[in-house]
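To convert, count from 1 in the sequence shown and add 80; that's the working numbering.
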Amino acid sequence: MIAFRSILFNTAFYLNLIVQMILFTPYYFLANRKAAWRIPKNWVKSNHWLQKIIVGTTFEIEGLENIPEGGYIFAPKHQSFWDAYALLPWLDDPVYILKRELGWIPLFGQYIFKMRMIPVNRGAKGKVMADVMERTKREMENGRQLIIYPEGTRRPAGAPPSYKYGIARLYRDLDVPVVPVVMHPGLFWPRRRFLRFPGHFKVRILEPIAPGMDPDDFMEKLIEVMENASDALLIETVAANPHVPLREEARRRLAELGARP
């Protein structure tokens, strides 16, 4: 049944994307940018509904009161494609720095450019990266929320931390708070697998780290805060969902923490 439900959900997920992208294109491109956000945000909500009724996966968010007003860096753990889009309805006007190749996808590319996302050639250096930073600053001055995954790429639940120093440079140069976020959607929507597992998990938004710290001190604090909270949430999530299969990384980390998988 899990395999059948996973196939059904994956099919519904992509059909939902294609149908809504086509159906709501006239409104999306005729509306002003802020009003047009309701289209992708409603798409996200519809995906949550599909995942609930087809797979049986639900979630809740803790710590919404920790989200500050105005511009800030939103820094979630990244384990799954789920967390690449799932929290958009709770952010006012988010912006991503994303690889430029995404802008070449027909229609999808026009969607992301409408939202003034910031494309970047990942191999670029020097002036190109300086231009990216300057554009990011302009967007942040308009009160937008920059979404950055501190570890860069998706990592399995329980994997050893691998934080990239780029977030410390952004923290220094943008001079805005950083909001750490921990969660374990990778237990239910694993990377590089088509299976989707039922269960319930929490997204935990932590207290923001105020601007002004030395970048090295900030980096040390960010890792400590996020890893401690992530470990505690891993234990809690696995205990509440004993049926969910665990990868070796999660089993190893739970053993190190003295918790029973």
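Glycine included, every Cβ here is placed at the ideal spot set by N, Cα and C.
Bridge-paired residues (DSSP) for residue i
| i | result |
| --- | --- |
| V200 | K179 |
| F78 | Given a span of 81 to 341 for the chain in the structure shown, any question on residue 78 remains unanswerable. |
| A115 | None, per the DSSP bridge assignment. |
| F154 | I227, V259 |
| K174 | Per the sequence shown, the amino acid found at residue 174 is Pro instead of Lys. P174 pairs with Q225. |
Contact set for residue i: own chain, Cβ-Cβ below 7 Å, skip 5 residues either direction
| i | result |
| --- | --- |
| Y245 | M299 |
| F109 | K194 |
| I82 | L275, F277 |
| D253 | M213 |
| P120 | L168 |
Rounded Cβ spacing between residue i and residue j (contact assumed at less than 8 Å)
| i | j | result |
| --- | --- | --- |
| F139 | H264 | The Cβ separation is near 10 Å, so there is no contact. |
| V212 | I177 | 7 Å |
| E142 | I285 | 7 Å |
| P295 | Y251 | 7 Å |
| F154 | V261 | 7 Å |
| L167 | P230 | At roughly 15 Å, the Cβ-Cβ gap does not stay under 8 Å, so L167 and P230 are not in contact. |
| R196 | R113 | 7 Å |
| P174 | R118 | Rounded, the Cβ-Cβ distance is 14 Å, inconsistent with contact. |
| R333 | L313 | The Cβ separation is near 12 Å, so there is no contact. |
| G266 | S160 | 5 Å |
| I228 | I198 | Going by Cβ atoms, the distance from I228 to I198 rounds to 11 Å, so no, they are not a contact pair. |
Same chain only: Cβ atoms within 6 Å of residue i, ignoring 5 sequence neighbours per side
| i | result |
| --- | --- |
| F277 | F268, V324 |
| A330 | A237, G238 |
| V259 | Y152, F154, P288 |
| S86 | F274, L275, R276 |
| L171 | Q225 |
| Y243 | P230, E231, I303 |
| G189 | G183 |
| G163 | Inspection of the sequence shows that residue 163 is occupied by Asp rather than by Gly. These residues qualify, in order along the chain: P156, P265. |
8 Å CB neighbourhood of residue i in its chain, flanking five on each side removed
| i | result |
| --- | --- |
| N90 | F274, R276 |
| S126 | N96, Q100 |
| E221 | G151 |
| A290 | P257 |
Proximity test, Cβ basis, 8 Å: residue i and chain D
| i | result |
| --- | --- |
| F154 | Looking at the structure shown, chain D is missing, and only one protein chain is on hand. |
Mind the definition here: the stretch 131-141 touches the stretch 236-248 only if three or more C-beta pairs lie below 8 Å; say whether that holds. no
With a cut-off of 8 Å, do at least 3 Cβ pairs link the stretch 308-320 to the stretch 211-229? no
At what residue ranges does the stretch 266-317 contain a whole run of the alpha helix (DSSP H), taking only runs of 4 or more? none
Would you list, in sequence order, the uninterrupted alpha helix (DSSP H) runs of no fewer than 4 residues that lie entirely inside the stretch 206-268? 207-221, 246-254
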